[in-house]
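Working notes, structure below.
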Amino acid sequence: MDKRSEMHRRERRRYVIGYGGSLLLTLIVFAIAYWFGIETKGVYLAIGLLGLAQLIVQLVYFLHIDRRRSSREDLDLVLFSTLVLLIIILGTVWILGNLAMRMHMPGM
4 MDKRSEMHRR ERRRYVIGYG GSLLLTLIVF AIAYWFGIET KGVYLAIGLL
54 GLAQLIVQLV YFLHIDRRRS SREDLDLVLF STLVLLIIIL GTVWILGNLA
104 MRMHMPGM
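Residues in the sequence shown are numbered from 4 upward in steps of one, following the working numbering.
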C-alpha cells in the first residue's frame, strides 16, 4: 500500500469511529429520556454530560481539533466562539429573567 491510500484508510477509520461514537451517545440520551422520563434533575445532568461528551467527539473526530501545536489556533477560535455564545445566551437569560421578575411584582 502506498502512503496516500494508507492516509485515506486512517481518515475514513476516524470518521467511522466518530460517527459510531456520536450515534451511540445520541441513542444513550434517547434511552435515558425514554426510561426515566424528563422530569428529574439527574436526567438533565446526564443529558448535559452526554451532550458535552458528544461535543468533544465532534470536535476531535470531525473537526480534527486536538491538543497538537498545529491545531491550537483552531482550538482558540472554537473556545472564543463558545465564550461569545455563552455571553449572548447568559445575558439574554439574565435580561429576560429580570424583565419577568419586574412584570410580576405587585403594585406596579
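Glycine residues also receive a C-beta, built at the ideal position from the N, C-alpha and C atoms. As the structure is a computational prediction, the values presented were derived from the model and not from experiment.
Burial state of residue i (16 or more Cβ within 10 Å)
i: VAL32; result: buried
i: LEU28; result: buried
Option nearest residue i by Cα separation, candidates the options
i: TYR18; options: GLN61, ASN101, THR85 and LEU89; result: GLN61
i: SER25; options: ALA56, THR85 and LEU86; result: ALA56
Length of the line joining the Cα atoms of residue i and residue j
i: LEU30; j: GLU42; result: 19 angstroms
i: LEU93; j: GLY100; result: 10 angstroms
i: LEU78; j: HIS107; result: 43 angstroms
i: ILE50; j: TRP38; result: 13 angstroms
Which of helix, strand or coil DSSP assigns to residue i
i: ASP79; result: helix
i: PHE65; result: coil
i: GLY40; result: coil
i: ARG12; result: helix
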